[in-house]
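Everything in the sequence shown is counted per my numbering, starting at 459 for the first residue and increasing by one.
What follows is a set of notes on a single structure, which appears directly below.
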Amino acid sequence: KKNTFLPVLAAVAGAVLLVCLLFVGAVFLMKVIKPGESAEEFRADNFVGMNYDEVISNPDYLRRYEFLDSITQFDDSEAGTIIDQDVAPEHLVKVKCRIKLTVSKGPNMIQVPAVSEGEDRTTVYNRLNNAGFTIKEVRQSSDTVKEECVIRIDPAFPESCKKGTTIYMYVSNGPQPVE
Numbered sequence: 459k460k461n462t463f464l465p466v467l468a469a470v471a472g473a474v475l476l477v478c479l480l481f482v483g484a485v486f487l488m489k490v491i492k493p494g495e496s497a498e499e500f501r502a503d504n505f506v507g508m509n510y511d512e513v514i515s516n517p518d519y520l521r522r523y524e525f526l527d528s529i530t531q532f533d534d535s536e537a538g539t540i541i542d543q544d545v546a547p548e549h550l551v552k553v554k555c556r557i558k559l560t561v562s563k564g565p566n567m568i569q570v571p572a573v574s575e576g577e578d579r580t581t582v583y584n585r586l587n588n589a590g591f592t593i594k595e596v597r598q599s600s601d602t603v604k605e606e607c608v609i610r611i612d613p614a615f616p617e618s619c620k621k622g623t624t625i626y627m628y629v630s631n632g633p634q635p636v637e
């Protein structure tokens, strides 16, 4: 009589191993593929507002996308924040889809031009305006700065501010009248 114990044990072990491999494969695909998607296609993620370094170092994103060289530009967002992507979020794409991200360099900072006490208000106004600042004129009396000349500006050189920042330009009305 032939011993059938070992062949039966080997067949059972092989079947258990096959079931385990199928289970591990299914779990892997469930982690990589979002619900409602196939292995071939999935809906693109929305990266806008996310940190660029965190996105390109995320293993899940690296399995799904091929990130192309990014574009950087000045923006009011914090430096390193993704502000645009060339594949629309929720667009149906395939695994290893190529995607280009636009990343903020942060606000475009401009150095406030140097202004000397006593400069003509129109000259200073034009210099600040041409640099990209908004100017708010504040009138003050001054015994030392002649009328229609600048006493000071705030913020002042050498500070750097975002383009469009309001600069307060203090202009002399001349000496305060004596009563």
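Every residue, glycine too, gets a C-beta built ideally from N, C-alpha and C.
These figures come from a predicted structure and were not determined experimentally.
Exercise. What do you reckon, are the CB atoms on residue 564 and residue 592 nearer than 8 Å?
Worked result: no
Problem set entry | Spatially closest choice to residue 522 from 537, 514 and 540, by CA coordinates | In terms of Cα proximity to residue 522, the closest of 537, 514 and 540 is 514.
Problem set entry | Closest residue to residue 524 among 536, 538 and 552 (Cα-Cα distance) | 552
Exercise. Which first and last residues belong to the beta strand (DSSP E) in which residue 573 is found?
Worked result: Judged by DSSP secondary structure, residue 573 falls outside any beta strand (DSSP E); it is assigned neither H nor E.
For this session: Please list the segments of the alpha helix (DSSP H) lying wholly inside the segment 514-546, counting only runs of 4 or more residues, in order along the chain.
Result: 517-522
Exercise. In the DSSP assignment, what are the bridge partners of residue 508?
Worked result: Bridge partners of residue 508: none, in fact.
Problem set entry | Residues sharing a beta bridge with residue 583, DSSP | Answer is none; residue 583 lacks a bridge partner.
Exercise. Any idea which residues DSSP pairs residue 630 with across the strands?
Worked result: 598
Exercise. Of all the options 543, 605, 481 and 630, which has the alpha carbon lying nearest to the alpha carbon of residue 507?
Worked result: 543
Problem set entry | Residues that DSSP places opposite residue 500 in a beta bridge | 551
Problem set entry | Alpha carbon of residue 485 to alpha carbon of residue 538, nearest angstrom | Roughly 33 Å separates the two Cα atoms.
For this session: Name the two residues that bound the continuous beta strand (DSSP E) containing residue 619.
Result: Unbroken beta strand (DSSP E) run through residue 619: 618-620.
Exercise. What residue does the beta strand (DSSP E) around residue 563 start on, and which one ends it?
Worked result: 559-564
Exercise. Residue 603 by DSSP, collapsed to three states: which one?
Worked result: coil
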